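Enquirer: For the working numbering, count along the sequence shown from 1 and bump the result up by 1. My questions will all concern the structure given below.
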Amino acid sequence: MVYIIAILSVIFLGLAAMVVSRMGAVVKNASGPSVEGQIGMSNRINGAMFMIFFIVGLIGAVWSFMYARQFFLPEASSPHGRRTDNLFWISMAMITVAFVITNALLFYFAWKYQHKEGRKAAYYPENHKLELIWTIVPAVIMAVMVFTGWRAWRDIMAEAPANAQVFEIVGKQFNWIVRYPGVDNNKLGSYNYKLIDNNNDTGIDYTDEASFDDFTSTSELHIPANKPVLLRIRARDVLHSVFIPHLRVKMDAVPGMPTRFWFIADKTTDEMRNITGNPDFGYEIACTEVCGQGHFSMRIRLIVEDEASWAAWCKQQKPLLTSTPELAARIPANLKAKAAKYLPADATAAPADSSTASLPKTGGVTTAVAKLR
């Protein structure tokens with residue numbers, strides 16, 4: 002590849018030198034009486050160069066596309082992604098055809114209608130029929146492209162199906178935090194940014210009993226395949242952007258303005274490894290909004306698996322309330338009984354008549370249970 006670039010650079014420099022030389026000749030001729038034969042030879046050379054440049058450029062563009070195909074993303078792993086890709090390639094095909102036709106005519110006319118002795122330019126003042134054709138045809142094509150694009154966007158951004166599995170992803174400098182709804186019928190608890198601290202990265206509100214079984218992860222997001230997935234997206238500090246390239250998912254995470262994106266992943270991670278022939282293949286969620294010095298590190302693994310495996314994995318996870326019992330102090334008195342089952346065993350083993358006065362002042366689980374009672 003380096004050698005090809007070097008050869009193209011040499012060719013470009015050569016053509017540039019030739020253009021400068023020809024421009025010098027034009028300036029020299031313009032300063033004195035012109036010689037008809039010299040003008041004819043100059044135009045023939047320039048006309049031939051126009052055609053050569055067009056043909057070589059077209060070959061180079063085709064080669065560049067064919068060579069770069071190996072670096073393209075594989076087929077999208079979601080229905081909406083494949084629809085988006087189809088619209089993209091249809092648009093690219095139409096634009097490419099129009100580009101090639103118009104530029105072919107441009108370069109051909111420069112060669113065909115070069116200066117010749119005795120030829121006079123024909124004056125062509127107007128042609129309403131031709132003007133209508135080249136106005137209406139592009140307008141219709143553009144209208145069809147806009148309409149089909151709008152329909153795709155409308156369907157992609159429609160409300161998620163009622164059976165969609167809900168997850169929350171929160172961006173902060175410089176990592177993602179994923180929150181799962183636990184086992185309470187796919188319900189994420191409420192949140193409040195004022196509750197964010199070292200123990201509660203996403204500001205989960207424990208006055209909402211739906212929050213009791215929620216759990217979080219900063220390393221990976223597990224989702225079920227062939228089932229609608231709804232991502233609830235927000236940011237803690239600055240602008241971020243959720244990007245899952247292989248699923249064609251992209252949505253900004255905006256502080257103070259929650260966003261969402263729903264999709265269906267219909268190829269598991271293992272299936273993609275077989276399709277790509279890469280045993281190390283893995284989906285990832287990246288940030289595509291430059292968010293600060295550590296922007297490069299905002300990546301998290303995405304594991305797509307069958308629903309049974311996903312459900313089994315979820316059952317093995319512990320609610321944040323279990324791993325961080327200090328949060329129990331935030332639960333209101335009328336919900337303490339419901340929250341007790343999510344607390345560690347030693348946090349509920351104290352005698353019923355124990356009081357805060359008899360507890361050590363070292364914090365941790367004991368203090369949290371005292372506050373809970």
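In this text, a Cβ means the ideal position worked out from N, Cα and C, and glycines have one as well. This one's a predicted model, so the numbers in the text were calculated from it and none came from an experiment.
Whole angstroms is fine: what's the gap from Lys-117's alpha carbon to Phe-110's?
Expert: Indexing the sequence shown from 1 puts residue 117 at position 116. Indexing the sequence shown from 1 puts residue 110 at position 109. Distance between the alpha carbons of Lys-117 and Phe-110: 14 Å.
Enquirer: Are Asp-214 and Thr-269 closer than 8 Å when you measure CB to CB?
Expert: Counted from its first residue, the sequence shown places residue 214 at position 213. Counted from its first residue, the sequence shown places residue 269 at position 268. Contact: no.
Enquirer: Can you tell me the Cα-Cα spacing of Gln-115 and Ile-134, whole angstroms?
Expert: Here the question's residue 115 lines up with position 114 in the sequence shown. Here the question's residue 134 lines up with position 133 in the sequence shown. Rounded to the nearest angstrom, the two C-alpha atoms are 27 Å apart.
Enquirer: Given a cut-off of 8 Å on the beta-carbon distance, is the pair Ala-338 and Ala-329 in contact?
Expert: Sequence index remark: in the sequence shown, residue 338 carries index 337 (1-based). Sequence index remark: in the sequence shown, residue 329 carries index 328 (1-based). No; because the gap between Cβ atoms is not below 8 Å, this pair is not in contact.
Enquirer: Give the straight-line distance between the Cα atoms of Ile-280 and Val-305, rounded to the nearest whole angstrom.
Expert: Position 279 of the sequence shown holds residue 280. Position 304 of the sequence shown holds residue 305. In the sequence as presented, Ile is not what sits at residue 280; that position holds Pro. If you take the alpha carbons of Pro-280 and Val-305, they lie about 15 Å apart.
Enquirer: Quick one: give me the first and last residue of the alpha helix (DSSP H) that Leu-240 is part of.
Expert: Taking the sequence shown and counting its residues from 1, one reaches residue 240 at position 239. Element bounds for Leu-240: n/a, residue is neither H nor E.
Enquirer: Restricting to Cα atoms, I'd like to know which of Glu-210, Trp-154, Met-299, Tyr-181 is closest to Lys-173.
Expert: For this step, residue 173 is matched to residue 172 along the sequence shown. Among Glu-210, Trp-154, Met-299, Tyr-181, the Cα nearest to that of Lys-173 belongs to Met-299.
Enquirer: May I ask which residues mark the beginning and end of the alpha helix (DSSP H) holding Leu-107?
Expert: On the sequence shown, residue 107 is found 106 positions in, with the first residue counted as 1. Note, Leu-107: alpha helix (DSSP H), 80-113.
Enquirer: Does the beta-carbon of Thr-203 have 16 or more other beta-carbons within 10 angstroms, so that it is buried, or is it exposed?
Expert: Taking the sequence shown and counting its residues from 1, the one referred to as residue 203 is at position 202. It counts as buried.
Enquirer: In terms of DSSP beta bridges, what is Asn-201 paired with?
Expert: What you label residue 201 is simply residue 200 of the sequence shown in a count that begins at 1. Note: Asn-201 sits in a beta bridge opposite Asp-198.
Enquirer: Quick check: the segment 126-140 against the segment 55-71, are at least 3 beta-carbon pairs closer than 8 Å?
Expert: Not touching, per the Cβ criterion.
Enquirer: Can His-81 and Ile-157 be called in contact, C-beta distance under 8 Å?
Expert: For the purposes of this step, residue 81 is taken as the residue at position 80 of the sequence shown. For the purposes of this step, residue 157 is taken as the residue at position 156 of the sequence shown. Yes, the Cβ-Cβ distance between His-81 and Ile-157 is below 8 Å.
Enquirer: Can you give me the C-alpha to C-alpha distance between Phe-55 and Val-291, rounded to a whole angstrom?
Expert: Here residue 55 refers to the residue found at position 54 when the sequence shown is read from its first residue. Here residue 291 refers to the residue found at position 290 when the sequence shown is read from its first residue. Each residue's alpha carbon lies about 39 Å from the other.
Enquirer: Is the segment 82-96 touching the segment 143-152, taking contact as three or more C-beta pairs under 8 Å?
Expert: Contact holds: three or more Cβ-Cβ distances are below 8 Å.
Enquirer: For a quick check, are the C-beta atoms of Val-230 and Phe-168 less than 8 Å apart?
Expert: As a first step, residue 230 is located in the sequence shown; it is residue number 229 there, counting from the start. As a first step, residue 168 is located in the sequence shown; it is residue number 167 there, counting from the start. Against a cut-off of 8 Å, the Cβ pair of Phe-168 and Val-230 comes out as a contact.
Enquirer: Which residues in the same chain have their Cβ closer than 7 Å to the Cβ of Thr-208, if we skip the five residues on either side of it in sequence?
Expert: Looking up residue 208 in the sequence shown gives position 207. Result list for Thr-208: Pro-333, in chain order.
Enquirer: Enumerate, from N- to C-terminal direction, the unbroken beta strand (DSSP E) stretches of 3 or more residues contained entirely within the segment 256-284.
Expert: For the segment 256-284, whole beta strand (DSSP E) runs of length 3 or above, ordered along the chain, are 260-265.
Enquirer: What are the residues that DSSP puts in a beta bridge with Gln-166?
Expert: In the sequence shown, the residue the question calls residue 166 occupies position 165. DSSP output for Gln-166 lists Val-230 as bridge partner(s).
Enquirer: Considering only C-alpha positions, which residue in the set Glu-76, Asp-198, Gly-150, Ser-218 is nearest to Leu-88?
Expert: By 1-based counting over the sequence shown, the position of residue 88 is 87. When only C-alpha atoms are compared, the closest one is Gly-150.
Enquirer: Using a Cβ-Cβ cut-off of 7 Å (strictly less than) and excluding sequence neighbours within five positions of Asp-1, which residues of its own chain qualify?
Expert: Since the first residue of the chain shown is 2 and the last is 374, residue 1 is not available in this structure.
Enquirer: Taking only heavy atoms of the ligand SAH into account, decide whether any of them is closer than 7 Å to the Cβ of Ala-111.
Expert: In the structure on display, the ligand SAH does not appear, and there are no ligands present to speak of.
Enquirer: Could you pull the DSSP bridge partners for Ser-327 from this structure?
Expert: Indexing the sequence shown from 1 puts residue 327 at position 326. It is worth fixing the name first, because residue 327 is Glu in this sequence and not Ser. Note: Glu-327 sits in no beta bridge, so no partner.
Enquirer: With DSSP as the reference, label Met-299 as helix, strand or coil.
Expert: Locating residue 299 in the sequence shown gives position 298, where the first residue counts as 1. Reduced to three states, the DSSP call for Met-299 is coil.
Enquirer: Leaving aside the five residues before and after Tyr-343 along the sequence, list all residues of the same chain whose C-beta is less than 7 Å from its C-beta, in chain order.
Expert: Working through the sequence shown from its first residue, we reach residue 343 at position 342. Within the same chain, Tyr-343 has close Cβ partners Phe-213, Asp-214, Pro-320, Leu-322, Thr-323.
Enquirer: What are the boundary residues of the alpha helix (DSSP H) that includes Phe-148?
Expert: On the sequence shown, residue 148 is found 147 positions in, with the first residue counted as 1. Start and end: 129-157.
Enquirer: If you follow the beta strand (DSSP E) that Ala-312 is in, where does it begin and where does it stop?
Expert: Locating residue 312 in the sequence shown gives position 311, where the first residue counts as 1. Unbroken run through Ala-312 is the alpha helix (DSSP H), 308-317; no beta strand (DSSP E).
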